[in-house]
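A short write-up of the structure that comes next.
Chains as they are written, first to last, in the numbering used here: chain A, 1 to 192; chain B, 1001 to 1138.
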């Protein structure tokens, strides 16, 4: 009996050690336990109301930005387009949502034209400043206007939120990660 | 006296050689920061509670996972994320680089995570161990 107990203890220790050494399931930062992603209702770039519930059953990659962004947003959107292309048939189970942090300049039409340059399936979200600010608060996103010569830019959270098929906020990918990391995580979320 | 000095020199040499050449094994790869229970109440009472430094240094293969936990009973913006009560956020890094996150908790408006390559045997390993020991003492 003692031998069995000792073996079981050894097995559990080995399992714990393996778990500690095993690579993380997701490349993104993981929320544990995951919470339900906050719902929102915005003016969609496709002409209809943009809600999170509309994409239940899909993995949603949610990012915040603005069409006048010089570097961060184009890089993020190009990476997401690349990831979506690499996913092949599974891309149909993924929706990229890009919510503006610059409601003064970003209308649904402006967002549509901008996003089409990356991937026509991407959907943008615009709306009243108060509504967008409330959504940012729900997701812990920051956005701050920065005056520049001839106008302004917006400093904003550049991470991308990963929402699973049940609408749970599972993870957050920092800016600058490779398309392959998104492919890995989307595939994992679709399979689990 | 000379014999005593020689022994000290040998022991020190052996220690330095071990620090420089012995493989480095981390007990955990998590760099943990926690918001303790009652933090919000303390802040409301006027306490200036600083938990996250504005620069965090991680080392690939050794402590390359940023782990943030909210043990308080209200949601908290913790570095780059909003974390619910009892929730954790675990962010692994696989590439050495400097990562900058927008963060309202710091006066600069940003938090940097500097991820360095794992130290090679020799002087880098010795320096890494010395820095870890100094951190523990501080």
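Yeah, the Cβ is synthetic: ideal placement off N, Cα and C, and Gly gets one too.
Using only the heavy atoms of the ligand GDP, determine whether one of them is closer than 7 Å to the beta carbon of residue 1117/B. The ligand GDP is not among the ligands present in this structure, which contains no ligands whatsoever.
Is any beta-carbon of chain B found at less than 8 Å from that of residue 148/A? no
Is residue 168/A helix, strand or coil by DSSP? strand
Run the CB neighbour count on residue 1009/B, radius 10 Å, all protein chains shown included, and call it buried at 16 or more, exposed below. exposed
Buried or exposed, going by whether 16 or more other CB atoms sit within 10 Å of the CB of residue 1072/B? buried
Can you round the beta-carbon distance between residue 61/A and residue 99/A to whole angstroms, since I take them to be within the 8 Å contact cut? With a Cβ gap of about 12 Å, residue 61/A and residue 99/A do not count as contacting.
How many whole angstroms separate the CB atoms of residue 147/A and residue 124/A, which I take to be in contact at a CB cut-off of 8 Å? Contact doesn't hold; Cβ gap of about 25 Å is too wide.
Which full runs of the alpha helix (DSSP H) of 4+ residues lie inside the region 1045-1124 of chain B, going along the chain? none
In angstroms, rounded to a whole number, what distance separates the CA positions of residue 173/A and residue 1005/B? 56 Å
What does DSSP give as the partner residues of residue 173/A in its beta bridges? 160/A
Pick helix, strand or coil for residue 33/A, following the three-state DSSP scheme. strand
Between which two residues does the alpha helix (DSSP H) containing residue 181/A stretch? 179-191
Cβ neighbours of residue 90/A in the same chain (closer than 8 Å, five flanking residues each side left out): 186, 187, 190
Beta-carbon gap between residue 1115/B and residue 1093/B smaller than 8 Å: yes
Relative to chain B, which residues along the region 34-68 of chain A have a C-beta separation below 8 Å, given in chain order? 35
I'd like to know whether the C-beta atoms of residue 184/A and residue 101/A end up nearer to each other than 8 Å. no
Cutoff 8 Å: residue 29/A Cβ touching any chain B Cβ: yes
Assuming residue 1119/B and residue 1024/B form a contact by the criterion Cβ under 8 Å, report the distance between their Cβ atoms to the nearest whole angstrom. 7 Å
Interface residues of chain A facing residue 1088/B [CB-CB closer than 7 Å]: 32
At 7 Å on the CB atoms, spell out the chain A contacts of residue 1077/B, in chain order. 140
Would residue 59/A pass as a contact of residue 164/A if the rule is Cβ separation under 8 Å? yes
Specify the secondary structure class of residue 79/A as computed by DSSP and reduced to three states. helix
What's the gap between the Cα of residue 1103/B and the Cα of residue 1109/B? 5 Å
If you draw a straight line from the alpha carbon of residue 1091/B to that of residue 116/A, how long is it in whole angstroms? 31 Å
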